[in-house]
Amino acid sequence: VQQYEIVLSFKVSLFFLQFHENKDIPLMHKVISRTFGTLQSLVKSEACVLTVCDSPVIIWPNRGVHATPDEITPNTLCEDLQQWIQTDEQESTGKRSARKKSKKSSSSIINLRLMMEATTTGPLPPPILTRTIKKSHFFSTTLPMDCVIRTNCNDTIKDACERLVEALSHQLCEMEKVILQHMKGMTLLVPEPLHFLLPEPKGLVTVVYPAGVPDSQLETQRRDLHQRFELLDDWPYFRRANAYHFPNEPYRDGYLRNPHLVLTHPTLDNGKVYLVQGIYSYHHYMQDHMDDNGWGCAYRSLQTICSWFEQQGYTERHVPTHKEIQQALVDVGDKQKSFVGSRQWIGSIEVQAVLNQLLEVTSKIMFVSQGSELASKGRELANHFLTEGTPVMIGGGVLAHTILGVAWSETTGQIRYLILDPHYTGAEDLQVITDKGWCGWKGPDFWDQTAYYNLCLPQRPKTI
């Protein structure tokens, strides 16, 4: 039986922290702690309600895991909740029946909202009004609670709810710590929960950061996290840019991420696959309202490389435009001022210079006198993806491409290259891009056997 996991996540901005107090800092901390204690009591009370997004399912986790519709019981499996979720396909056909669907959703993520019942049973106490004449301060902030738990297909709703309530209570404790630790005078920083996907078996881990505090000021906290989870100090696992992006959440910038993940790896005798590590954006001709068809392939390859460094958290600089790339080459003295705004090509050496100028990233250059020699570079490329994991820009003649990995057999010397082609001019259609080979595995004959090539191999900073 195939095993799989379901992730249940909370994304709510529901709780308000309020207090009236003077400038006595210890007393203010006491009021904050008391307020968080009240919030934890609410999460564990019978008023706590979980609603499954895009479905009629409502669950009271602290009321014997009572749920509606009545067909859902505490012993219902988590995976069975998917049968109640309205899919996009059902919306397009106008079918909104709350009955179970025979076909289960392929998604492994179930989103829930956290709510609190406002009504109570029994007679209400009479209102009491009091008037206090006292100078005080009033703080109100929204706590963006966001909890994730991972379950397997055999876990029941009762199991999941118990863990969710515990996770919510724990996150409130972490939020309290962040607020008290970073509170300066009357300034209160909102705690920001983020999820990070660590190497197995650790999986998803939630960390609470103070919003507005840059990563550069959180190095001590990140170093403590690396020690707690026994991680090496050569990869920025806990920088904000590395926060986990759930598969059902679209990227706002419109670029495709990691199109190679849908491809099937080639099979070689005693071969291994060595791939780019982390996340990158696919940059190609005609994007960003820029007509660079015929001259901008190396610019686009460079943009893909820059996106990798941005999305791994090594830099906070956004992917540079063509003009910013050209200006960087002027600034380092490689080009004349007239180069900015032109349609002149660039190559691997210019890519190396721009990475160093804009991102302070160094690169190695691999020179290949003719394309036929690339077939013998398997060991060097495999070692690069194993140790550095960055995309590689390769330029030869008038063409530039991005190498995302190699499949290489040390015993036979067979090799295949995973190529991301910046010459694509169409829309962000993953199926077209992969079916037509704009992102795909290529053999040694992909290269011009007589042309010379330069490869730019960016070196990632060894930092947390």
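First residue of the sequence shown? That's 1 in the numbering used here, and the numbers climb one at a time after it.
All C-beta atoms, glycine included, are put in the ideal place defined by N, C-alpha and C.
If you're wondering where the values come from, they're calculated on a predicted model, not measured in any experiment.
Mind checking whether P458 and S363 have CB atoms under 8 Å apart? Residue numbering aside, residue 458 sits at position 458 when the sequence shown is read from its first letter. Residue numbering aside, residue 363 sits at position 363 when the sequence shown is read from its first letter. Yes. Within cutoff.
If you measure from the beta carbon of M116 to each beta carbon in chain B, is any gap under 8 Å? This model lacks chain B altogether; it includes just one protein chain.
Could you pull out every residue in the same chain whose Cβ sits closer than 6 Å to the Cβ of D445, ignoring the five residues on either side in sequence? Numbered from its first residue, the sequence shown carries residue 445 at position 445. There are no such residues.
Where DSSP assigns a beta bridge to Y251, which residues make up the other side? Stepping through the sequence shown from its first residue, residue 251 is reached at position 251. Paired residue(s): none; Y251 is not in a bridge.
Roughly how many whole angstroms lie between the Cα atoms of Q449 and S369? Residue numbering aside, residue 449 sits at position 449 when the sequence shown is read from its first letter. Residue numbering aside, residue 369 sits at position 369 when the sequence shown is read from its first letter. Straight-line Cα distance between these residues: approximately 10 Å.
Taking only the alpha-carbon atoms, compute the straight-line gap between D334 and E350 and give it to the nearest angstrom. Here residue 334 is taken as the residue at index 334 of the sequence shown, counted from 1. Here residue 350 is taken as the residue at index 350 of the sequence shown, counted from 1. So the alpha carbons of these two residues sit roughly 8 Å apart.
What residues are listed by DSSP as bridge partners for H66? Here the question's residue 66 lines up with position 66 in the sequence shown. H66 pairs with W60.
Tell me the DSSP secondary structure of V12 in three-state form. Stepping through the sequence shown from its first residue, residue 12 is reached at position 12. Model confidence at V12 stands at a pLDDT of 45, short of 50, so the residue's coordinates are unreliable; what they give is reported in the following sentence. It is coil, neither helix nor strand.
Backbone CA spacing between E192 and A211 [nearest angstrom]: To locate residue 192, count along the sequence shown from 1; it is residue 192. To locate residue 211, count along the sequence shown from 1; it is residue 211. One C-alpha to the other measures close to 5 Å.
Please work out which residues of its chain come closer than 6 Å, Cβ to Cβ, to R239, disregarding the five sequence neighbours upstream and downstream, and give them in chain order. Position 239 of the sequence shown, counted from the start, is the residue given in the question as residue 239. Closer than 6 Å at the Cβ level, and outside the excluded window around R239, lie D215 and G313.
What does the Cβ neighbour count give for E230, buried or exposed, with the cut at 16 atoms within 10 Å? In the sequence shown, residue 230 corresponds to position 230, counting from 1. The residue in question, E230, is exposed, as its Cβ has fewer than 16 Cβ neighbours within 10 Å.
Provide the residue span of the beta strand (DSSP E) that contains G395, from first to last. Translated into the one-based positions of the sequence shown, residue 395 becomes position 395. Its beta strand (DSSP E) spans residues V392 to G396.
Classify T93: buried if its beta carbon has 16 or more other beta carbons within 10 angstroms, exposed otherwise. Residue mapping note: residue 93 aligns to position 93 of the sequence shown, counting from 1. With a pLDDT of only 44 at T93, under the threshold of 50, the placement of this residue in the model should not be trusted, and no figure is reported.
The segment 274-285 contacting the segment 255-262, beta-carbon criterion three pairs below 8 Å: yes
Here's the rule I'm using: 16 or more other beta-carbon atoms within 10 Å means buried, otherwise exposed. How should C173 be labelled? The residue you call residue 173 lines up with position 173 of the sequence shown. It counts as exposed.
contact_flag[the segment 407-414, the segment 371-387] where n(CB pairs < 8 Å) is 3 or more: yes
Near R460, which residues of its chain fall below 6 Å by C-beta distance, leaving aside the five closest residues on each side in sequence? One-based indexing of the sequence shown puts residue 460 at position 460. Result list for R460: E388 and T390, in chain order.
Residue interval of the alpha helix (DSSP H) (run including P266): Within the sequence shown, the letter at position 266 stands for residue 266. Element bounds for P266: n/a, residue is neither H nor E.
List the whole-angstrom C-beta distance separating F301 from H384, where the pair is believed to meet the contact cut-off of C-beta under 8 Å. Residue 301 sits at position 301 when you count from the first residue of the sequence shown. Residue 384 sits at position 384 when you count from the first residue of the sequence shown. It is Ser, not Phe, that sits at residue 301 in the sequence shown. About 16 Å; that fails the 8 Å criterion.
What's the C-alpha gap between C456 and V207? Here residue 456 is taken as the residue at index 456 of the sequence shown, counted from 1. Here residue 207 is taken as the residue at index 207 of the sequence shown, counted from 1. C456 and V207: Cα-Cα distance of roughly 35 Å.
Across which residues does DSSP place G371 in a beta bridge pair? As a working mapping, residue 371 is identified with position 371 in the sequence shown. Beta-bridge pairing links G371 to no other residue.
Touching by the beta-carbon criterion (3+ pairs, under 8 Å), the segment 316-323 and the segment 267-276: no
Own chain residues within Cβ distance below 8 Å of H226, not counting five before or after: What you label residue 226 is simply residue 226 of the sequence shown in a count that begins at 1. Answer for H226: L232, D233, Y237, F238 and I464, listed in chain order.
In angstroms, rounded to a whole number, what distance separates the CA positions of R99 and C78? If you number the sequence shown from 1, residue 99 lands on position 99. If you number the sequence shown from 1, residue 78 lands on position 78. Low local confidence applies: a pLDDT of 43 at R99 is under 50, so the model's placement there is unreliable, and no value is given.
Mark D421 as exposed unless 16 or more other C-beta atoms lie within 10 angstroms of its C-beta, in which case mark it buried. Sequence index remark: in the sequence shown, residue 421 carries index 421 (1-based). Buried is the call here.
In terms of DSSP beta bridges, what is Y314 paired with? The residue labelled residue 314 in the question sits at position 314 within the sequence shown. Note: Y314 sits in no beta bridge, so no partner.
What is the DSSP secondary structure of H195, counted as helix, strand or coil? Numbered from its first residue, the sequence shown carries residue 195 at position 195. DSSP places H195 in strand when its eight states are reduced to three.
Enumerate in chain order the residues of its own chain whose CB-to-CB distance from Y452 is below 7 Å, with the five nearest sequence positions on each side excluded. Here residue 452 is taken as the residue at index 452 of the sequence shown, counted from 1. Excluding positions up to five away in sequence, the list reads V368, S369, Q370 and G396.
To the nearest angstrom, report how far apart H26 and T141 are at their CA atoms. Here residue 26 is taken as the residue at index 26 of the sequence shown, counted from 1. Here residue 141 is taken as the residue at index 141 of the sequence shown, counted from 1. One point to set straight first is that residue 26 is Pro, not His, in the sequence displayed. Roughly 20 Å separates the two Cα atoms.
Could you pull the start and end residues of the beta strand (DSSP E) that A407 belongs to? The residue given as residue 407 occupies position 407 in the sequence shown. Start and end: L399 to S409.
Residue burial classification, R222 (beta-carbon count within 10 angstroms, cutoff 16): Counting from 1 along the sequence shown, the entry for residue 222 is found at position 222. By the neighbour-count rule (16 or more Cβ atoms within 10 Å), R222 is buried.
Hey, could you find the ends of the beta strand (DSSP E) P458 is sitting in? Numbered from its first residue, the sequence shown carries residue 458 at position 458. Looking at the DSSP string, the run of the beta strand (DSSP E) that includes P458 is Y453 to P458.
Count the other CB atoms, across all protein chains shown, that sit within 10 Å of the CB of G440; report buried if there are 16 or more and exposed otherwise. Residue numbering aside, residue 440 sits at position 440 when the sequence shown is read from its first letter. When all chains shown are included, G440 counts as buried.
From S41, Q431 and G405, pick the residue whose C-alpha is nearest to that of H265; which is it? Residue mapping note: residue 265 aligns to position 265 of the sequence shown, counting from 1. Taking only the C-alpha atoms, the option nearest H265 is G405.
Should M145 be labelled buried (16 or more other beta-carbon atoms within 10 Å of its own) or exposed? Taking the first residue of the sequence shown as position 1, residue 145 is located at position 145. Classification of M145: buried, given that the 10 Å Cβ count is 16 or more.
Quick one: Cα of D269 to Cα of R379, how far? Position 269 of the sequence shown, counted from the start, is the residue given in the question as residue 269. Position 379 of the sequence shown, counted from the start, is the residue given in the question as residue 379. D269 and R379: Cα-Cα distance of roughly 16 Å.
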